[in-house]
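Just so we're aligned: 1174 in the working numbering is position 520 of the sequence shown, and the numbers increase by one with no gaps anywhere. We put the beta carbon where it would ideally sit given N, CA and C, even for glycine.
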Amino acid sequence: MVKHPVKRPETAREPSPPRKVEARIGWLKERRGTLVSLGLLAFLSVVAFANTFANDFAFDDQRIIVENRLIKSLKFLPTLFTTGYWAGSREVEEIADQLGGGGLYRPLVLATYAFNYAIGGLHPLGYHLVNFLLHIVVSLLLYGLARQLGLSGGAALAASALFAVHPLHTEAVTGIVGRAELLMALGVLLALSWYNRGGGQARSRLASLGAFIVALLAKEQAMMLPAILILYDLAMAKEPGAWKGLLRHAWRRYLGYVLILGAFLILRTAVLGSLLWKVQFLDNPLAHVAWWPRVLTALKVAGKYLWLFVWPAKLSADYSYNAIPIASSLSEPAVLLALLAWGGLLALAGASFVRGRRLTFFSIGFTFLTFLPASNLLVPIGTIMGERLFYLPSAGLCMVVGAGWDRGAAWARQQGRSFWLTRVGLGVFTLMLLLLTARTLQRNRDWRTSKTLFESAVHVAPQSAKVHLNRGIHKDEVEEALREFEEAIRIYPEYPARHWELDLGYGAALVKAGRLEEAIATLERGVRLKPKRPEGHFNLGLAYAKQGRYEEAEAAYRRALTLQMDEPAIYNSLSFVLLKQERFDEALLAAEDAIRLEPSRAEAYYLRGRALEGLGRIGEAMAAYEQALQLKPDFSLAKQRLAELRQRSSR
């Protein structure tokens, strides 16, 4: 009997995953380590900078953002690209024509502030969030670049983790106006990464050129990118001696970057009116001393940057005159140490090039080239020193640390002690990251407000005149404020004659202290130096009013109102001096303007009541006094006037 095979019903075959899904799964498996590293970097950045979100605007944030009329409407976006960095700030309105808006051209940064304002107004959280996200992206880009340049995954993670949490970066990340550094670093690292990746691919080269434009529009320091690309090609040339023919045959690679740089310099000069700019002595005394002391002091400052990278214990938001005394001799210890440190780095770069350790050579060269424009060695810049200026240069030093990590791991393997030495090294490095993160968190708290920032700065830069000025401005106690202003004058005796900030701040404190003659002389000088600052005219009006000079006080208040029409305190003070002149109709209008702007302020209702009383409108005056007492039940003047009117009306 022949058995026929039993036909089993066909079952539907499980469809195999599409090739695209398989490819994605394979890609994820291959890059699992990279993705874990990137996630860890983002996590470290969050830990180090998450406590910045509650911070207020501090220091230059006030002038560049809060007082900047050009960022407060997107209709001004084209204007941002045709004016200087400070052009929209009240501070430079008088000198904008001379200095092109402060001598800086950073339209992309201002455009990001404009979008911040369009979304969240003047709430600082949104501005801090953008800076925070940019820093994360820059840290991730540094990891990717380090891998492209040949660092192992662990070494690249070590380098970028050090960059992500370093306290030296708090000014760039936590200070909102540090966004210029972040955007510039983003553009430079993207441009270098795409250049490295591109080979002969037009798309990558175009992307690199586009990133260069972004970097230039963020900050002028990006001008060094063509030199960085030449350095990269020299460092990564595979054949010994291949670099000799590099400039002969590879110049076409750089042509696009050079043309963009030339176009940028022409645009910048057209907008600002000059390639260079005027630098104030107070901000950077190196612009006003002879060549040799400038070079010596610039070297000393360069050494200080390296020291802060190694030991960021004492950080300051200000290093202006006289925080760093001018050096006069090559034999000064700080100058010698700086020469040894930078000379040692450059010697290490040269030795690394000769021995074929091209990554170390490139990383040190990257630090040197990106720092050079901010060093005051080529030309004096707007500040003698600023920690934010070392944000991008420090990336090169972090890659040097990464290269050292790989060298150490290779040595441990050669010694046959890879297991223990690697773990000891990892433990030490982890401890260092924890300590740096703790210092960053602590430093972020210093940046909560301008007041806390300068309270911390005085411990690091006690001889800075500007630090004492800013402490005085933010002191609540009058005598303490006066001491700070007077210390600023002691350090820099020409301060009152040259800088309106000192005159206006010191003058306001003198008014509160009742030193009216000194106050008036100081404030009158201040408003001559800076006639478009409303607070100068307002405080001058207060001083005149306290002396009984009501007509002069009125004139000062009206000048203040032409500059700032939305300040209720000016209307209140104007109403008061008009009452003193028995001009009750005008006093009533001024009080009502104050109420319109700030309906919760009891003083404005009291002044309204006094004006109505003077006009004989007793019932309305009593109602105004009652409103004042609802807002401020212990308002004795309003109680007294209301009781007197009630007594009078009951007769």
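Of all the options the options, which has the alpha carbon lying nearest to the alpha carbon of residue i?
i, options, result
"alanine 708", "Asp1060, Ala1066 and His782", "His782"
"leucine 1156", "Leu1031, Ala1197, Leu1026 and Leu936", "Leu936"
"alanine 1175", "Leu1283, Arg1255, Tyr1160 and Phe1238", "Tyr1160"
"arginine 1302", "Lys1286, Ser1290, Glu1267 and Gln1281", "Glu1267"
"leucine 940", "Gln875, Leu930 and Thr951", "Thr951"
"alanine 881", "Val868, Leu915 and Leu803", "Leu915"
"serine 699", "His789, Gly832, Pro732 and Lys1234", "His789"
"glutamate 1252", "Ala1275, Ile1224 and Arg907", "Ile1224"
"alanine 714", "Gly829, Ser862, Ala809 and Val791", "The sequence given here places aspartate at residue 714; alanine does not occur at that position. Of the listed residues, the one whose Cα sits closest to aspartate 714 is Gly829."
"isoleucine 884", "Leu870, Ala876, Tyr908 and Glu874", "Tyr908"
"valine 763", "Ala800, Ala839, Leu871 and Ala1277", "Leu871"
"serine 802", "Leu1242, Trp848 and Gly832", "This sequence places glutamine at residue 802; serine is not what is there. Minimum Cα distance to glutamine 802 is reached at Trp848."
"leucine 1233", "Gly1263, Ile1143 and Gln875", "Gly1263"
"tryptophan 1309", "Leu846, Asn1030 and Glu1221", "Since the displayed the chain opens at 655 and closes at 1305, residue 1309 lies outside it and no answer follows."
"phenylalanine 1022", "Arg1011, Val1008, Arg1009 and Ala1001", "Ala1001"
"tyrosine 1204", "Phe1230, Pro1188 and Leu1243", "Phe1230"
"arginine 1182", "Ala1163, Leu1196, Trp1154 and Ala1162", "Trp1154"
Rounding to the nearest angstrom, what Cα-Cα distance links residue i and residue j in this structure?
i, j, result
"alanine 649", "methionine 1219", "Here the chain has residues from 655 to 1305 only, and residue 649 is not among them."
"threonine 999", "phenylalanine 1016", "Note on residue identity: the sequence assigns leucine, not threonine, to residue 999. The straight-line gap from Cα to Cα measures roughly 12 Å."
"alanine 1207", "alanine 1248", "17 Å"
"phenylalanine 1192", "asparagine 938", "31 Å"
"histidine 1128", "valine 842", "38 Å"
"aspartate 1288", "alanine 1258", "15 Å"
"arginine 1212", "leucine 1228", "8 Å"
"alanine 1119", "glycine 957", "23 Å"
"glutamate 1172", "glutamine 934", "26 Å"
"leucine 795", "phenylalanine 786", "14 Å"
"glycine 754", "glycine 997", "Its pLDDT being 43, under 50, glycine 754 is placed unreliably in this model, and the value from its coordinates should be taken loosely. Near 38 Å, if we compare the C-alpha coordinates of glycine 997 and glycine 754."
"serine 1254", "leucine 1285", "7 Å"
"arginine 1179", "leucine 930", "29 Å"
"isoleucine 749", "valine 925", "In this prediction, isoleucine 749 scores a pLDDT of 42, lower than 50, which makes its location untrustworthy; the coordinate-derived value is nonetheless stated afterwards. Roughly 14 Å between the two C-alpha positions."
"arginine 1125", "lysine 1105", "7 Å"
"glycine 808", "threonine 923", "45 Å"
"phenylalanine 963", "leucine 1107", "20 Å"
"valine 690", "glycine 1079", "20 Å"
"arginine 1300", "serine 1290", "15 Å"
"threonine 736", "tyrosine 759", "9 Å"
"glutamine 1096", "tyrosine 1260", "46 Å"
"asparagine 722", "valine 784", "18 Å"
"alanine 834", "arginine 1102", "20 Å"
"glutamate 1274", "phenylalanine 769", "46 Å"
"glycine 1270", "leucine 1177", "38 Å"
"alanine 1167", "alanine 1151", "22 Å"
"glutamine 1201", "valine 1165", "11 Å"
"threonine 1091", "phenylalanine 1083", "12 Å"
"isoleucine 719", "lysine 1293", "42 Å"
Would you give the residue range spanned by the alpha helix (DSSP H) that residue i belongs to?
i, result
"glutamate 1041", "Where glutamate 1041 is concerned, there is no enclosing alpha helix (DSSP H), given that its DSSP letter is neither H nor E."
"tryptophan 961", "945 to 964"
"histidine 820", "Element bounds for histidine 820: n/a, residue is neither H nor E."
"glutamate 1267", "1256 to 1268"
"serine 699", "686 to 703"
"asparagine 709", "Taken as a continuous stretch (DSSP letters only), asparagine 709 belongs to no alpha helix (DSSP H), as it is neither H nor E."
"tyrosine 739", "Careful: tyrosine 739 lies outside any alpha helix (DSSP H) and carries neither H nor E."
"methionine 1053", "1047 to 1068"
"alanine 1210", "1204 to 1217"
"alanine 987", "The residue you asked about is not alanine; residue 987 is proline in the sequence shown. 987 to 1008 is the span of the alpha helix (DSSP H), which, as asked, contains proline 987."
"aspartate 1157", "1154 to 1167"
"phenylalanine 1230", "1222 to 1234"
"alanine 1173", "1170 to 1183"
"aspartate 887", "879 to 890"
"lysine 1293", "1290 to 1304"
"leucine 909", "905 to 926"
"arginine 859", "856 to 872"
"glutamate 1252", "That residue, glutamate 1252, is in no alpha helix (DSSP H); it is neither H nor E in DSSP."
"glutamine 1281", "1272 to 1285"
"phenylalanine 1025", "1012 to 1025"
"histidine 782", "778 to 802"
"serine 1104", "1104 to 1114"
"glycine 757", "Where glycine 757 is concerned, there is no enclosing alpha helix (DSSP H), given that its DSSP letter is neither H nor E."
"glutamate 1131", "Here glutamate 1131 belongs to no alpha helix (DSSP H), and DSSP marks it neither H nor E."
Looking at the ligand NAP, does it come within less than 7 Å of residue i, judged from the CB to the closest heavy atom?
i, result
"valine 1008", "The model depicted lacks the ligand NAP and carries no ligand whatsoever."
* At least 3 beta-carbon pairs within less than 8 Å: the segment 1064 to 1081 vs the segment 1028 to 1039 -> no
* Asked: Using 8 Å as the Cβ pair cut-off and three pairs as the minimum, do the segment 808 to 827 and the segment 1050 to 1067 touch?
  -> yes
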